[in-house]
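Undergrad: The sequence shown begins at 2 in the numbering used here and counts up by one.
Handing you this structure, nothing more for now.
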Amino acid sequence: MDKINTFCQKQTEQVTTIEKNFIINKVLEIANDSIEKTNKTSTEIDNVMKTLLIDSNLNIQLSASREFYRKYLNTVKEDLNTTNSHRFWKDVFTSIFASFIYSVMVALIIFLGRDELGNFVNSLFKK
2 MDKINTFCQK
12 QTEQVTTIEK
22 NFIINKVLEI
32 ANDSIEKTNK
42 TSTEIDNVMK
52 TLLIDSNLNI
62 QLSASREFYR
72 KYLNTVKEDL
82 NTTNSHRFWK
92 DVFTSIFASF
102 IYSVMVALII
112 FLGRDELGNF
122 VNSLFKK
């Protein structure tokens, strides 16, 4: 992994931790797939790792990482834009409807209990 760290440090554009982890994950995934398919000796495993850790292969993984996260961020932004506008208006109308129902209930309670409320207020001031 020192080779990947060195590769990331010498890039002109800063490599984020997420991108570096993506590269490490991809290199290990490819190495694991290659090793599992055949019974390789330790020399063959070392050769596989050396091949995967060549700068050109790491550049490919870095490009894949950046492309993956660019697409991911665009997808998230699109989802937020479409969802928020719909959710906003739904919440506005729900709030208006709830306020209307609450107002009707308060008016109904006051209307139905006006005699009781009047008697209660009068009993407070009779003392």
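All residues carry an ideal CB built from backbone N, CA and C; glycine is no exception.
#1: Report the residue from W90, S35, Q10, T18 whose alpha carbon sits nearest the alpha carbon of D56.
#2: Beta-carbon separation of L54 and V28 under 9 angstroms?
#3: What are the boundary residues of the alpha helix (DSSP H) that includes V28?
#4: Going by beta carbon distance, what residues of the same chain come within less than 6 angstroms of F23, once the five residues before and after it are set aside?
#5: Taking its Cβ as the centre, do 16 or more other Cβ atoms sit within 10 Å of K21, making it buried, or is it exposed?
#6: What would DSSP say about K78, mapped onto helix, strand or coil?
#7: Can you tell me whether Q132 is helix, strand or coil according to DSSP?
#8: Distance check for S96 and A108, CA to CA, integer angstroms please.
#9: Assign Q15 to one of three DSSP states: helix, strand, or coil.
TA: Concretely, from the data shown:
#1: Locating residue 56 in the sequence shown gives position 55, counting from the first residue. Considering only alpha carbons, the answer is Q10.
#2: Counting from 1 along the sequence shown, the entry for residue 54 is found at position 53. Counting from 1 along the sequence shown, the entry for residue 28 is found at position 27. Yes; because the gap between Cβ atoms is below 9 angstroms, this pair is in contact.
#3: Taking the sequence shown and counting its residues from 1, one reaches residue 28 at position 27. Unbroken alpha helix (DSSP H) run through V28: 18-38.
#4: The residue given as residue 23 occupies position 22 in the sequence shown. Excluding positions up to five away in sequence, the list reads S66.
#5: For the purposes of this step, residue 21 is taken as the residue at position 20 of the sequence shown. Result: buried.
#6: Locating residue 78 in the sequence shown gives position 77, where the first residue counts as 1. Three-state result, K78: helix.
#7: Any question about residue 132 goes unanswered here, given that the chain covers just 2 to 128.
#8: Here the question's residue 108 lines up with position 107 in the sequence shown. Here the question's residue 96 lines up with position 95 in the sequence shown. If you take the alpha carbons of A108 and S96, they lie about 18 angstroms apart.
#9: Stepping through the sequence shown from its first residue, residue 15 is reached at position 14. Coil, per DSSP.
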